[in-house]
Structures are given as C-alpha cells and as structure tokens.
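The block underneath contains the structure these notes are about, expressed in structure tokens.
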Amino acid sequence: MSDSWPRRRLLAILRGASEPLDAQELARITGQHVTTVRFHLDVLTRESLVRQFQQPPRGRGRPRIGYSAVQRSVGYQDLAQVLADQLGPDPRRRSEAAVAAGRAWGAKLDVGDHRIESLEDAKDVTMTLMSELGFAPERDPSSETDERVLIRLTACPLRELARTHSEVVCGVHLGLIEEVLDRNGARGEVDVQMHPFVEPELCVARLELIAARHAETREAATATVPAGGDVEIPEPLSAPSGRVAPQLRNSDPNVIKQSAQQW
1 MSDSWPRRRL LAILRGASEP LDAQELARIT GQHVTTVRFH LDVLTRESLV
51 RQFQQPPRGR GRPRIGYSAV QRSVGYQDLA QVLADQLGPD PRRRSEAAVA
101 AGRAWGAKLD VGDHRIESLE DAKDVTMTLM SELGFAPERD PSSETDERVL
151 IRLTACPLRE LARTHSEVVC GVHLGLIEEV LDRNGARGEV DVQMHPFVEP
201 ELCVARLELI AARHAETREA ATATVPAGGD VEIPEPLSAP SGRVAPQLRN
251 SDPNVIKQSA QQW
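Under this note's numbering, the first residue of the sequence shown carries the number 1, and numbering increases by one thereafter.
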C-alpha cells in the first residue's frame, strides 16, 4: 500500500468494524469528503486490501457498496495469544515484561527524527505512530489542556486479545510509545499511560507533562500544611515507565468508564 495516512486510517477502521461500511459512513467517521473516501477505497480495493459487498439501499434508490478489510492469512491473534500465555501468571510481572518488549520493539523501529520540544510534539509523534500501526487514533480536543492530552484509539488490531490480556497487549504498546518518545527527546518530560476499554470498543492513550504533575503534588502538599508547619517536598522523580493504570484493569466496564471520566 502506498504511503498514505488516509488510506491506512480507512483500512484500520475497516479492520476494526464488525460489518461492512459504505463510503458515506466512512466519510462521517473520518471527516473526509465522500469523494475522497471513495478514491482511497478504490485504491485499497485494487491492492486487494479491502473487498466490496453489495448492501440494500437506505430507503429508495440504488444498492449501496459496502467495504470490508481482507483478513490477514497469518494468525497474528493466535500467535499473540500464545506469547501472552508464556509470560506467567502474575499480572504485574506480565505487564513489566510486556513494557520491556514494547521498548525493545520501539528501539528497532525506524521512526525518523521528530524532535519533541512540547506536549503538542509528543502528541503528533504518538498519533503518527499509532496510525501507522493500525489504531485509527483520534484527538480528543475537549479533554486537552496545556499539561495533558488524550488520544482515542478506535481500532486496536489485537482488540479481542486485549479483552483478556490487557496488561500484555497494552503493556507492549505503552512501552513502544514510551521508547519512541524518549528517542525523540521526551525522556523525563512526558508520562504515558494506556487505559484499555474506557468504552467497549475504545482505548485511550494519555500523555502528561511530568513537571506539571510534580507541581500539582507540591501544591497539594503545601495546601494541607497548617500555618507555620513544615512539610517535606519530594524531589522530582525520574520518568515512570511500564505503568498500566491498575484501576483500569477492573473487569467491570462501569468502573472503567467512571475512572476514565475522572481525568
């Protein structure tokens, strides 16, 4: 497939869809003009990456053309399941091993040279990386501040495995993002967290400036000290790594969603 971010995103969306989608639906999801979407779908069809299906019309009119991603012949899902099962029974150790594997993966990727000098730069690098991996990432402007951003991951290629092994799947992706950001200059500056299944089909990557978190901790500690009292302010910590938010490992989707809404 040619190096086209719009086509990679369309393919990722179709891979994550439970049924064929037509050009109108894909245009609504991506925000692109329907003519542009049809052009990219034609290219994907010619490259045998998507397949066309005839669907009944909406109301009166001609039948619609639906599109579905051609399934990979290699059993990546089964292979990932086997590898996840080999990491042992302890979820914390599995998570740590997965993050280490993700960092090793990130160290070998050719990600180019995109110097990170701001949180906006970190977000752009993460968006590009996750798009190339098929996650169909979307910005969440309503949640963005100067200190933190959320990136919605709408099409995880290993979604079904992540439902039962989130500490492994999300741990690998967490370590990958951390390593890529570190390689581009964000070491000690940006904290990364992965929050799986804040909605049934949605995971979220959270990027936060570490300095802002330390400032909040200091302000909170100072506010709780009585007048004239002394307080010990902790020294800044080095960049945390390998942390999948434990409250989001809860299997109850209501608990997960409530935790996500507290950001």
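Ideal Cβ positions, reconstructed from N, Cα and C, are used throughout, including at glycine.
Counterpart residues of residue i in DSSP-defined beta bridges
{"i": "residue 208", "result": "148, 191"}
{"i": "residue 139", "result": "151"}
{"i": "residue 22", "result": "66"}
Residue i and residue j closer than 8 Å at C-beta
{"i": "residue 69", "j": "residue 41", "result": "no"}
{"i": "residue 196", "j": "residue 162", "result": "yes"}
{"i": "residue 54", "j": "residue 22", "result": "no"}
{"i": "residue 37", "j": "residue 14", "result": "no"}
{"i": "residue 169", "j": "residue 181", "result": "no"}
{"i": "residue 135", "j": "residue 155", "result": "yes"}
{"i": "residue 194", "j": "residue 173", "result": "yes"}
{"i": "residue 89", "j": "residue 167", "result": "no"}
{"i": "residue 97", "j": "residue 87", "result": "yes"}
{"i": "residue 115", "j": "residue 185", "result": "yes"}
{"i": "residue 51", "j": "residue 57", "result": "no"}
{"i": "residue 7", "j": "residue 43", "result": "yes"}
{"i": "residue 66", "j": "residue 20", "result": "yes"}
Nearest-angstrom Cβ-Cβ length linking residue i and residue j, presumed shorter than 8 Å
{"i": "residue 201", "j": "residue 107", "result": "Not really, about 31 Å apart at Cβ, beyond 8 Å."}
{"i": "residue 150", "j": "residue 82", "result": "Not quite, the Cβ-Cβ distance comes to about 32 Å (not below 8 Å), so this is no contact."}
{"i": "residue 105", "j": "residue 176", "result": "5 Å"}
{"i": "residue 171", "j": "residue 99", "result": "5 Å"}
{"i": "residue 140", "j": "residue 159", "result": "The pair is not a contact, with the Cβ atoms about 19 Å apart (cut-off 8 Å)."}
{"i": "residue 111", "j": "residue 133", "result": "Actually they do not touch by this definition, with Cβ atoms about 11 Å apart."}
Range of the contiguous alpha helix (DSSP H) that encloses residue i
{"i": "residue 200", "result": "Segment: none, residue 200 is in no alpha helix (DSSP H) and carries neither H nor E."}
{"i": "residue 157", "result": "Counting along the chain, residue 157 falls outside any alpha helix (DSSP H), and DSSP gives it neither H nor E."}
{"i": "residue 166", "result": "166-181"}
{"i": "residue 12", "result": "5-16"}
{"i": "residue 124", "result": "119-132"}
{"i": "residue 37", "result": "34-46"}
What residue ranges within the segment 50-97 form continuous beta strand (DSSP E) runs of no fewer than 3 residues, ordered along the chain?
50-55, 64-69
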